[in-house]
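Numbering (this note's numbering), first residue to last: 2 to 467.
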């Protein structure tokens with residue numbers, strides 16, 4: 002097949018991968034000269050083993066740790082998935098070459114994998130279960146970023162996909178072979194076994210009987226791994242977010258001990274609808290903290306070009322992915338930037354501009370140590386506020402700021418906000434210039450992290466007379 006022309010667009014350069022029912026080739030775009038990977042799936046074998054869902058699943062995915070799909074072609078016998086070509090090596094090869102890996106590096110890998118699994122498990126209306134996480138299916142780039150490949154046996158939760166005993170021995174949990182409806186906990190088990198291999202070098206498929214002890218790593222880390230690889234699903238972490246939280250706590254402690262820096266305080270700013278003021282308030286908060294002498298980064302954490310426009314207006318140059326205005330660091334949206342990498346830059350505060358509150362943005366909003374939601378209060382804005390409140394009713398300690406409302410409207414609004422922390426937004430035409438009223442609001446929010454009631458039972462918010 003080497004040298005063949007595919008679909009009048011790609012020249013096959015070399016074979017770079019082989020699976021039971023697919024092959025992967027490096028191809029070169031004839032016109033542009035750039036390189037892509039093409040995965041070729043045999044339709045007959047794919048249908049026999051229920052693997053034809055992969056092309057359709059991949060088209061829906063958008064995450065920096067998942068190779069981007071450029072095109073999907075097919076003929077009578079095969080599917081051709083043309084995707085981003087990743088230069089790197091598998092984690093399996095990396096482990097064999099490196100032998101002993103440092104704990105902080107494996108923790109970094111673990112958090113990256115938790116991040117992509119959390120993304121897959123949060124897809125609505127049905128989460129995606131990966132089902133085949135193992136070192137061979139994880140590529141390590143030259144910048145130590147991980148990419149998860151081969152979604153061949155992945156499926157949507159509670160799907161009607163054929164129930165076949167597919168998976169990799171040692172990395173797949175027992176229930177995956179029992180033809181039961183599997184859930185997110187199978188991926189937690191596979192992640193645990195992947196970490197076990199990286200720590201011990203022992204291939205899980207060779208283990209018979211009791212699992213050999215992990216040596217040379219902290220008790221906290223080994224405890225997390227052992228919990229993830231329990232044979233009984235109910236004894237594992239019940240969701241990836243819980244496992245990620247414990248790993249992140251351990252990672253932060255390790256970083257403080259080994260690299261002598263402290264995790265910055267994270268502030269997330271969102272809004273009930275677009276153009277309601279999350280960016281404006283994010284910059285205002287950054288200005289407030291900067292004036293108090295803190296080192297602050299505000300990161301555009303949703304797909305937007307607002308910060309690029311700001312950079313262009315001021316005619317500034319990016320240095321280390323940021324530009325600086327009035328001693329505040331601004332980072333335009335970049336899906337390749339991981340928050341963990343920003344912890345090393347010794348910021349006191351990192352502000353994430355989340356943008357509009359949605360099902361997808363909610364999980365990023367939850368990262369905040371301090372969480373701000375900006376909303377309007379006019380008749381035509383109440384529906385978006387009610388939608389946001391419904392999404393957020395299980396999250397603690399959110400500070401609600403009502404923008405562009407007068408005193409009478411604000412009093413009417415808070416009657417139905419229960420015990421939620423609410424503030425009447427100050428008039429701030431220039432977010433770089435913090436007014437006295439804004440200072441009062443921010444002093445209240447940042448003083449000892451004001452605790453608010455976890456939940457509020459709210460009625461229909463718009464019940465004005467007349």
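Cβ atoms here follow ideal geometry from the backbone N, Cα and C, with glycine treated the same way.
For my contact list, residue i and residue j are in at a C-beta cut-off of 8 angstroms; report their separation, rounded to the angstrom.
{"i": "residue 190", "j": "residue 174", "result": "4 angstroms"}
{"i": "residue 132", "j": "residue 107", "result": "Not a contact, Cβ separation roughly 22 angstroms."}
{"i": "residue 65", "j": "residue 87", "result": "Rounded, the Cβ-Cβ distance is 11 angstroms, inconsistent with contact."}
{"i": "residue 271", "j": "residue 374", "result": "5 angstroms"}
{"i": "residue 142", "j": "residue 89", "result": "4 angstroms"}
{"i": "residue 1", "j": "residue 129", "result": "The shown model of the chain, from 2 to 467, leaves out residue 1, and the question about it has no answer."}
{"i": "residue 27", "j": "residue 17", "result": "5 angstroms"}
{"i": "residue 178", "j": "residue 135", "result": "Going by Cβ atoms, the distance from residue 178 to residue 135 rounds to 15 angstroms, so no, they are not a contact pair."}
{"i": "residue 241", "j": "residue 122", "result": "6 angstroms"}
Does DSSP put residue i in a helix, in a strand, or in coil?
{"i": "residue 79", "result": "strand"}
{"i": "residue 11", "result": "strand"}
{"i": "residue 38", "result": "strand"}
{"i": "residue 194", "result": "helix"}
{"i": "residue 375", "result": "strand"}
{"i": "residue 152", "result": "coil"}
{"i": "residue 70", "result": "strand"}
{"i": "residue 462", "result": "A caution first: residue 462 carries a pLDDT of 47, below 50, which makes its placement in the model too unreliable to give a value."}
{"i": "residue 59", "result": "helix"}
{"i": "residue 189", "result": "helix"}
{"i": "residue 343", "result": "helix"}
{"i": "residue 456", "result": "Note on residue 456: pLDDT 42, under 50, position unreliable in the model; the coordinate value appears next. Correct three-state label for residue 456: coil."}
{"i": "residue 16", "result": "strand"}
{"i": "residue 44", "result": "helix"}
What does the alpha-carbon distance come out to for the pair residue i and residue j?
{"i": "residue 316", "j": "residue 333", "result": "14 angstroms"}
{"i": "residue 417", "j": "residue 322", "result": "43 angstroms"}
{"i": "residue 363", "j": "residue 283", "result": "17 angstroms"}
{"i": "residue 233", "j": "residue 126", "result": "26 angstroms"}
{"i": "residue 413", "j": "residue 407", "result": "10 angstroms"}
{"i": "residue 387", "j": "residue 281", "result": "22 angstroms"}
{"i": "residue 368", "j": "residue 2", "result": "48 angstroms"}
{"i": "residue 59", "j": "residue 236", "result": "31 angstroms"}
{"i": "residue 383", "j": "residue 82", "result": "44 angstroms"}
{"i": "residue 347", "j": "residue 298", "result": "10 angstroms"}
{"i": "residue 381", "j": "residue 358", "result": "17 angstroms"}
{"i": "residue 398", "j": "residue 422", "result": "8 angstroms"}
{"i": "residue 290", "j": "residue 246", "result": "27 angstroms"}
{"i": "residue 104", "j": "residue 176", "result": "30 angstroms"}
{"i": "residue 314", "j": "residue 9", "result": "43 angstroms"}
{"i": "residue 14", "j": "residue 36", "result": "9 angstroms"}
{"i": "residue 353", "j": "residue 402", "result": "16 angstroms"}
{"i": "residue 215", "j": "residue 11", "result": "47 angstroms"}
{"i": "residue 295", "j": "residue 350", "result": "7 angstroms"}
{"i": "residue 5", "j": "residue 433", "result": "59 angstroms"}
Taking the continuous beta strand (DSSP E) assigned at residue i, which residues delimit it?
{"i": "residue 272", "result": "266-272"}
{"i": "residue 356", "result": "350-357"}
{"i": "residue 179", "result": "No beta strand (DSSP E) holds residue 179; DSSP gives it neither H nor E."}
{"i": "residue 335", "result": "Counting along the chain, residue 335 falls outside any beta strand (DSSP E), and DSSP gives it neither H nor E."}
{"i": "residue 27", "result": "23-30"}
{"i": "residue 325", "result": "324-326"}
Starting from residue i, follow the alpha helix (DSSP H) in both directions and report where the run begins and ends.
{"i": "residue 382", "result": "It is not in any alpha helix (DSSP H) - residue 382 carries neither H nor E in the DSSP assignment."}
{"i": "residue 365", "result": "360-366"}
Fully enclosed by the stretch 198-250, which alpha helix (DSSP H) runs are 4 residues long or longer? 220-229
Taking only runs of the beta strand (DSSP E) that begin and end inside the stretch 74-141, which ones reach a length of at least 3 residues, in chain order? 79-85, 89-91
Whole runs of the beta strand (DSSP E) within the stretch 384-452, excluding any shorter than 3 residues: Taken in chain order, the complete beta strand (DSSP E) segments of 3 or more residues contained in the stretch 384-452 are 399-403, 422-425.
Continuous alpha helix (DSSP H) assignments of at least 4 residues falling wholly in the stretch 281-320: Those alpha helix (DSSP H) runs which fall completely within the stretch 281-320 and span 4+ residues are 307-315.
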